[in-house]
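Novice: Let me begin by handing over the structure; questions about it come next.
In the working numbering, the protein residues as written are 2 to 234.
Put into structure tokens, the structure is as follows:
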């Protein structure tokens, strides 16, 4: 490659990295907007979360096209190839996390439009904060090429899964003891499941960060192995 071509290639890679981080920032804002709307009943803000899902989808399509262009025209190798493969896979998880934020916003609207009648007293905010933190850390690990930070997020997903199981038990108890809570309980179950899925997507992205940095595919190998591979030289 000539020096000019090298600079152009580097700029294309940097643009992909930058656009992916922008997409991640948008999805993070979608999740926090949906959770805030659930808490404060701001229907306008919840509508905005639903409407902006199209923007997340545009990011996915544009990044897919940019990565395909680099693969076809530049034929990257080694670390550059792993980065492009990682982004192609991560944008799918990121778009799906955005879909879950939209689901939360839709459920929150139903709850507030019903006047929060017969609401079971189930606490979702800790779980919500956990998954937002996981997503933020996933983006940070990607930006800093930090495999060990990514492995910590994979470990944290176990805590979120346990919280999800706890929410199920609480809501089932409410529905059995007071059938009037069934509608609200089902809506809260959808919200809690969406949060759990966002945690899963953050975990998936962090496993891909380990692959990008270390060149080792750690998917489906267990948390302990992810941590070992992330720490290995």
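Built from N, CA and C at the ideal position, the CB exists for glycine as well.
Which stretch, first to last residue, makes up the alpha helix (DSSP H) that contains residue 101?
Specialist: As a working note, residue 101 is residue 100 in the chain shown. First-last of the alpha helix (DSSP H) with residue 101: 79 to 114.
Novice: What is the DSSP secondary structure of residue 54, reduced to helix, strand or coil?
Specialist: Here residue 54 refers to the residue found at position 53 of the chain shown. Correct three-state label for residue 54: helix.
Novice: Is residue 222 helix, strand or coil by DSSP?
Specialist: Position 221 of the chain shown, counting from 1, holds the residue named residue 222. If DSSP states are grouped into helix, strand and coil, residue 222 belongs with coil.
Novice: Is residue 89 closer than 8 Å to residue 54 when the C-beta atoms are compared?
Specialist: The sequence position of residue 54 within the chain shown is 53, counting from 1. The sequence position of residue 89 within the chain shown is 88, counting from 1. No, Cβ-Cβ distance for residue 54 and residue 89 is not below 8 Å.
Novice: Among residues of its own chain, excluding the 5 on either side of residue 84, which ones have a beta-carbon nearer than 6 Å to its beta-carbon?
Specialist: Position 83 of the chain shown holds residue 84. Counting only Cβ-Cβ distances below 6 Å, and skipping sequence neighbours, we find 213.
Novice: Within 10 Å of its beta-carbon, does residue 177 have 16 or more other beta-carbons around it, so buried, or fewer, so exposed?
Specialist: One-based indexing of the chain shown puts residue 177 at position 176. Answer is exposed; the Cβ neighbour count stays below 16.
Novice: How about residue 168 and residue 203: do their beta carbons lie closer than 8 Å?
Specialist: Translated into positions along the chain shown, residue 168 becomes position 167. Translated into positions along the chain shown, residue 203 becomes position 202. No. Outside cutoff.
Novice: Using the beta-carbon count (16 or more within 10 Å), is residue 223 buried or exposed?
Specialist: In the chain shown, counting from the first residue as 1, residue 223 sits at position 222. Per the 10 Å Cβ criterion, exposed.
Novice: Using the C-alpha atoms, what's the distance from residue 182 back to residue 209?
Specialist: In the chain shown, counting from the first residue as 1, residue 209 sits at position 208. In the chain shown, counting from the first residue as 1, residue 182 sits at position 181. In a straight line, the C-alpha of residue 209 is about 40 Å away from that of residue 182.
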